[in-house]
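Residue numbers (full-length UniProt numbering): 1 to 255.
Backbone N, C-alpha and C fix where the C-beta goes; we use that ideal spot for every residue, glycine too.
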Ligand SMILES: Nc1ncnc2c1ncn2[C@@H]1O[C@H](COP(=O)(O)OP(=O)(O)OP(=O)(O)O)[C@@H](O)[C@H]1O
Ligand SMILES: [Mg+2]
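What follows is the structure, encoded as structure tokens:
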């Protein structure tokens, strides 16, 4: 049962007045202009906003792939800015799973090898365990029958699933996804959404960037960005079931 009662839950992510400026030639782009929020353990947050509003820039901050020009980011109470680069890399690897907008899979490489990749940075994990965990993650996303397919031998939805399995293989507490359903047809989008709701029900914290306003109905909270600032931040007390919506979809014309 998903609840919006955050009072007793731990704060996993806290942003305090985060700014991110990009200097391009003589111009400065203010991609984030003072973003503050707290995200508690077990929330499923969608982030929306027009193209260029700062969604990916924000997600990159949260994923420790980039650092603020100004302001603070606390992950589990620790200031990310004050960490050394190497500490940040370890924290990112252990705590955060990141699903990129364009999958970012290695080309001509099998699903298993792509999913094993984040485990390579962990010397405590043997080759055998690495393989087992990759297989388990691929099974969890419904790709148990595509273990040895290469990325160029799969559909967009399947590649997206490999990217999700790769994000899950370290069993991260926080899962960040940038347009994880962006290039997919309606049915496949719902299948991916079912998967995210399942991960949410298992207790993971999810932050899901999307262009599609309908998806906010399936999350517990929706943050809308405009010009690098928060325009609205609302809880959703009536979370729809993606599995139910999937079952109710009219059959596709090819069925
Ligand atoms: N590395 C960069 N260098 C310079 N400007 C950048 C860089 N990354 C982003 N920007 C600028 O920052 C602004 C926010 O970009 P961002 O990619 O965060 O938008 P977005 O909301 O993710 O858009 P979309 O929906 O199109 O993916 C844009 O104006 C963009 O041009
Ligand atoms: Mg983007």
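- Taking C-beta atoms as the reference points, residue 120 and residue 133 fail to come closer than 9 Å.
- The beta carbons of residue 209 and residue 179 sit about 6 Å from each other, so the pair counts as a contact at 8 Å.
- Residues of the same chain with a CB within less than 6 Å of the CB of residue 183, apart from the 5 flanking positions on each side, are 156 in chain order.
- Of the heavy atoms belonging to ligand 1, none sits nearer than 8 Å to the Cβ of residue 232.
- For residue 221, the closest of 48, 35, 14 by C-alpha to C-alpha distance is 48.
- Only residues of its own chain outside the window of five on either side were considered, and among them 44, 206 have a CB closer than 6 Å to the CB of residue 200, listed in chain order.
- Excluding sequence positions up to five before and after residue 81, its CB lies within less than 8 Å of the CB of 67, 68, 72, 73, all in the same chain and listed in chain order.
- Residue 41 carries a coil assignment under DSSP once its states are collapsed to helix, strand and coil.
- Rounded to the nearest whole angstrom, the C-alpha separation of residue 46 and residue 97 is 16 Å.
- The C-beta of residue 22 has fewer than 16 other C-beta atoms within 10 Å across all chains shown, which makes the residue exposed.
- Setting aside the 5 residues that flank it on each side, residue 234 is surrounded in the same chain by 222, each with a C-beta closer than 6 Å to its C-beta; the list follows chain order.
- If you draw a straight line from the Cα of residue 19 to the Cα of residue 175, it comes to about 22 Å.
- Close CB contacts of residue 106 within its chain, under the 6 Å cut and outside five residues either way in sequence, are with 114 (chain order).
- In this chain, residue 153 is not harboured by any beta strand (DSSP E), its DSSP state being neither H nor E.
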